[in-house]
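S.K.: Numbering (our numbering), first residue to last: 1 to 221.
Below is the structure:
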């Protein structure tokens, strides 16, 4: 990975650490309440269809929003995030002996076991295209032979974030105090993303949800 990309990913991690205190107030995309509620219903329904997940790995758990939902279906849950500030929020929200929290940079971490399900919510769009294949190699390493993958995400970016133009995956985001950070936000489309995954040997259906959201679910090919 190039030195510039290393710096960008470090800045992205610092952004989420700095944003942790205001995350729940600012995380929602500026959509109508109806669109948000419709997307949430679809996402929770997808989790329900993945019932009997058994041993689950959640990558980039953030403040624990999805962690709590995954526990409704999981036997055990390992929740990983690179931000200690975000992990502190997750630990405060989720009190359950079935959960193991790990602080680690996803781009450097390697699993100490295999899982029935790997889940990531609103993380894949923050993986640079340069690291896309490597990330999915990690997912493969984390899964049991018959393991499954489930993810949700969005392609939402606003014009003022696009500091390098519409074709760039680099954006700039601002905290309430005016501090700005660069981050990665790849505007995947369901069709393009499914094609990329098929080329990497995955059988994952990626379908649109309400608003700018999409969901992917499947297995190795």
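All C-beta atoms in this analysis are idealised placements derived from N, C-alpha and C, irrespective of residue type, glycine included.
For the beta strand (DSSP E) that contains residue 154, what are its first and last residues?
M.R.: Segment 143–154, the beta strand (DSSP E) holding residue 154.
S.K.: Strictly by DSSP, which residues pair up with residue 115?
M.R.: Answer by DSSP bridge pairing, in chain order: 143.
S.K.: Would you list the one or two residues that DSSP bridges to residue 78?
M.R.: Paired residue(s): 57, 100.
S.K.: DSSP state of residue 28, grouped into three classes?
M.R.: Low local confidence applies: a pLDDT of 48 at residue 28 is under 50, so the model's placement there is unreliable, and no value is given.
S.K.: What residues are listed by DSSP as bridge partners for residue 230?
M.R.: Residue 230 cannot be examined here, being either before or after the span of the chain that is shown, 1 to 221.
S.K.: Taking 7 angstroms as the limit between beta carbons, can you name the residues of its chain near residue 38, skipping five residues before and five after?
M.R.: Hits under 7 angstroms: 210.
S.K.: Count the other C-beta atoms from every protein chain shown that fall within 10 angstroms of the C-beta of residue 171, then say buried if there are 16 or more, exposed otherwise.
M.R.: So residue 171 counts as buried.
S.K.: Taking only three categories from DSSP, how would you classify residue 217?
M.R.: Strand, per DSSP.
S.K.: May I ask which residues mark the beginning and end of the alpha helix (DSSP H) holding residue 195?
M.R.: Taken as a continuous stretch (DSSP letters only), the alpha helix (DSSP H) holding residue 195 covers 190–199.
S.K.: So, is residue 28 buried or exposed, given that buried needs 16 or more other C-beta atoms within 10 angstroms?
M.R.: Here residue 28 scores only 48 on pLDDT, less than 50, and its place in the model should not be relied on; the value that follows carries that caveat. Answer is exposed; the Cβ neighbour count stays below 16.
S.K.: In whole angstroms, what is the alpha-carbon distance linking residue 197 and residue 162?
M.R.: In a straight line, the C-alpha of residue 197 is about 26 angstroms away from that of residue 162.
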